[in-house]
Every structure is written in structure tokens, then in C-alpha cells.
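Numbering (UniProt numbering), first residue to last: 1 to 337.
Virtual Cβ for every residue (Gly too), placed ideally from N, Cα, C.
Predicted model only: the values in this text are computed from it and were never measured.
These notes concern the structure reproduced below.
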Amino acid sequence: MVAHAPLNDAALPAHAVPAYAVEVRGLTKTYQASGKAGPKQALKGIDLAIPRGAVFGLLGPNGAGKSTLINIMAGLVNKTGGTVSIWGTDIDAHPRQARASIGVVPQELNMDPFFTPREMLELQAGLYGVPKAERRTEELLEAVGLRDKADAYARSLSGGMKRRLMVAKAMVHTPPVLVLDEPTAGVDVELRIQLWEHVRKLNREGSTVLLTTHYLEEAQELCDSIAIINHGTVVACEPTASLLRRVDAKALTVLVDRDLDAVPAELSAFSAELAEPRRLIVRYQPSRQRVGGILAALAGAGLGVVDLSTEESDLEDIFLQLTGGAHARKEIAHDAA
């Protein structure tokens, strides 16, 4: 029978409470050569330590290694080297116990359309070896707002309901660690906000949440700390607020007194874009450039300034700087479309 991992620290003896929910040390993964393609090293010495009770963001472009890392944690892919511990349990030494400590919500909505939510949760609990007396089916249906749909076929559920059902499936064995893989990919803004609140609720109730996402505002809104992975390596890993302070960049929004067709040549020394006929966004580095220089360039172009405001760097600026700029920007634009 799979070990039944409790959600709250109080349910564990003091010595059994781990310092970190997830610890990854020197993790490598190399996929063997296939056909004409040679071996591919997907992970190159990943080190991560995710604190208990955190909402931790994992960001990176497509192909960066995020999915490989999650699949190794979930026991779906064998690692090549290094160590991984889930809730203090090494995935090699005690694989079943480690798997019982983690719940994974995949991006894909994979469910039988002719099963009801209640049937799915009961089946999932059985697969994890949860005794009938300890199953939380009704509690989980209530928690994800699906009690009134408990006996409806899955095919009749909306996209948002299906995503919430996937979260409930991942929680049937009460794992202390919950992985949400792109939970709001392809959903509308209203549903995204609802799912954000659900993530916060799960975290308040004791779950350590590992969130992978392409939506940078989502990570900035939800995550206590963020790791950015690119080409199989961690290029940044620190608290979100600290990460935002790392980049020496600001944006100056300038409203001018006449319509423009293009960015004036006088601003060529800066990274400027024409957002609207009378609104320019000028990005600059405070350590090397001054607002006065931007205003002088505007005056040199014969433009009067009606209004201006500055913005600090956001997570998108940092992501682009650390993962290769233009290539990553294309991915962000594609995923936001």
C-alpha cells in the first residue's frame, strides 16, 4: 500500500518534518540518441531547494527542461544523475513514498468523458491505496466547487470545472507538495483569476505549491520565490522581490504634444518604442543613463512633453534578459495570444 502522506506538519512527528518540501541536487538527464539525432542533455546539474509552505515558480522557455524536471519528481522519467527528495524522501531509495508525497496537475485535461467527478476521485484514491474510510471525495468536491456536479459526466463540465477537477484528483492522497503545470494555459482572464485564488487557498491550507507557467504576471502575482531555467540550467533562483531588484532597467512613458509615425532618430541611443501616436516608451539603465538625457533628446526632436511616468522592471524584463531576449519574447507573445 502506498504511504499516506499527511498534509499538515502537525500530523508528522517533529523529526519527520523536512527542512525543504523539495530538494534537488546536481540533477542531470540525458536522453539517448534516437535516429539521426544524437544524445540530448535536458538537465545539466540542477540545484533547487523549495521551502515548506511556499508557492514556488518554475519559469523557462519551451525546451528549457521544466517538464523533464517535473516528470523526474513525479517518477515518470528516470534521472541520469544527482538526487531528488520529496518531503524528505529520496525518490530512488523510497520511490513509492516519494510519489505519495506529491500530486501533479498536468497541463492536459486527460479524463474519461463518461466518468463523473465523484467516480474519478474514488478511482484515483483507490490507485493510491487510500482506504475507503480515509477518502476525502466529498470534501474535495466541495473544496473545488464541484459538489453540485459530482454526478455529471465529465464531458458536460466547462473547461474551468475540468481544471478544478484535475486539482482535486491530484489531492486525493493528501500530498504535502502540489505541482501545477501551466494551470491557466489557454483559459480566459476571468477563469485565470479564479484559478489564482484557488492556488492561494490551497497554499493557505498547507500545500507547498510548485507552479510552472509561461504567464510572467502569474508568477509575479503568486510566487514567493522563482527559479528560471534555460537550456537545462538554473540561471536564477531567488525570492521574487529580490529577483525584481536585480535588473538595472526602468521604463519611461512619455506623452508628447503631437502625433508621431515613428520613433524619432534623436532617441536612437535609447531602447524606445512607439506605443501610440503620442505615447513613447523609453527603456533605459539608471546606472548609465539619465532621464534628463531622454528629455534633451525629445527636445532635440522638437517634441513637447505633456506627461511622463516611470516604471520599475517587471518579471518579463528579467526573464528576457536571462533567457535570450528576442527568442523568449516571441514565446511570450505566442503564449499570450
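Going by alpha carbons, who is nearest to residue i out of the options?
i: L76; options: R99, F56 and G206; result: R99
i: D181; options: A154, G65 and E139; result: G65
i: S225; options: A301, I46, G57 and G35; result: G57
i: M73; options: A154, G126, G26 and V22; result: V22
i: L109; options: L274, A265, A299 and A168; result: A168
i: I91; options: L69, G160 and Q194; result: L69
i: T212; options: Y128, L222, E205 and R204; result: L222
i: E276; options: R258, V291, E266 and S268; result: R258
i: N62; options: E266, H214 and A227; result: H214
i: L178; options: L243, V105 and A49; result: V105
i: V24; options: K40, T83 and V55; result: T83
i: K44; options: L123, R96, R155 and N230; result: N230
i: G60; options: R288, A219 and P117; result: A219
i: R204; options: A37, R290, R52 and Q97; result: R52
i: T208; options: K162, R283, Y31 and A54; result: A54
i: L298; options: E311, Y31, L280 and R288; result: L280
With 16 as the cutoff for other CB atoms within 10 Å, does residue i come out buried or exposed?
i: V256; result: buried
i: L146; result: buried
i: N78; result: exposed
i: G35; result: exposed
i: P131; result: exposed
i: K149; result: buried
i: V144; result: buried
i: L7; result: Because the pLDDT of L7 is 43, which lies under 50, any placement of that residue in the model is unreliable, and the question is left without a value.
i: A262; result: exposed
i: I46; result: buried
In whole angstroms, what separates the C-alpha of residue i from that of residue j?
i: L322; j: F115; result: 44 Å
i: C237; j: P176; result: 22 Å
i: A5; j: S309; result: Low confidence applies here, because A5 scores a pLDDT of 40, under 50, leaving its location unreliable and the question unanswered by this model.
i: L195; j: V17; result: 29 Å
i: A265; j: A272; result: 10 Å
i: L140; j: T184; result: 20 Å
i: Y20; j: V199; result: 19 Å
i: M171; j: T233; result: 30 Å
i: P239; j: G302; result: 44 Å
i: L123; j: K40; result: 37 Å
i: G26; j: F319; result: 23 Å
i: E197; j: G160; result: 13 Å
i: L244; j: L48; result: 19 Å
i: A133; j: L216; result: 42 Å
i: R135; j: A125; result: 7 Å
i: E119; j: Q107; result: 21 Å
i: G300; j: L267; result: 9 Å
i: E311; j: A249; result: 9 Å
i: R288; j: A241; result: 23 Å
i: L202; j: E316; result: 26 Å
Might you give, ordered along the chain, the residues of its own chain that have their beta carbon closer than 8 Å to the beta carbon of residue i, omitting 5 neighbours on each side?
i: R278; result: L255, V256, D257, R258, D259, L260 and V306
i: A152; result: T116 and P117
i: V187; result: G159, G160, R163 and L195
i: Q32; result: P39
Might you give, ordered along the chain, the residues of its own chain that have their beta carbon closer than 6 Å to the beta carbon of residue i, omitting 5 neighbours on each side?
i: M166; result: V105
i: K29; result: A42, L43, T68, K79 and T80
i: V235; result: I228 and L322
i: M111; result: A154
i: L191; result: G160
Using a Cβ-Cβ cut-off of 7 Å (strictly less than) and excluding sequence neighbours within five positions of residue i, which residues of its own chain qualify?
i: S101; result: A5, I86, W87, T89, P175, P176 and V177
i: P113; result: Y153, A154 and R155
i: I294; result: L252, F270, V282 and Y284
### Those runs of the alpha helix (DSSP H) which lie wholly inside the region 106 to 164 and span at least 4 residues
Along the length of the region 106 to 164, whole alpha helix (DSSP H) runs at least 4 residues long occupy 117 to 127 and 137 to 143, reported in chain order.
### Task
Mind listing, in chain order, the continuous beta strand (DSSP E) runs of no fewer than 3 residues lying wholly within the region 161 to 240?
177 to 181, 208 to 212, 225 to 230 and 233 to 239
### Query
Which runs of the beta strand (DSSP E) fall wholly inside the region 48 to 72 and span at least 3 residues, in chain order?
55 to 59
### Message
For a minimum of 3 consecutive residues, which ranges assigned as the beta strand (DSSP E) are wholly contained in the region 74 to 106?
### Response
81 to 86 and 102 to 105
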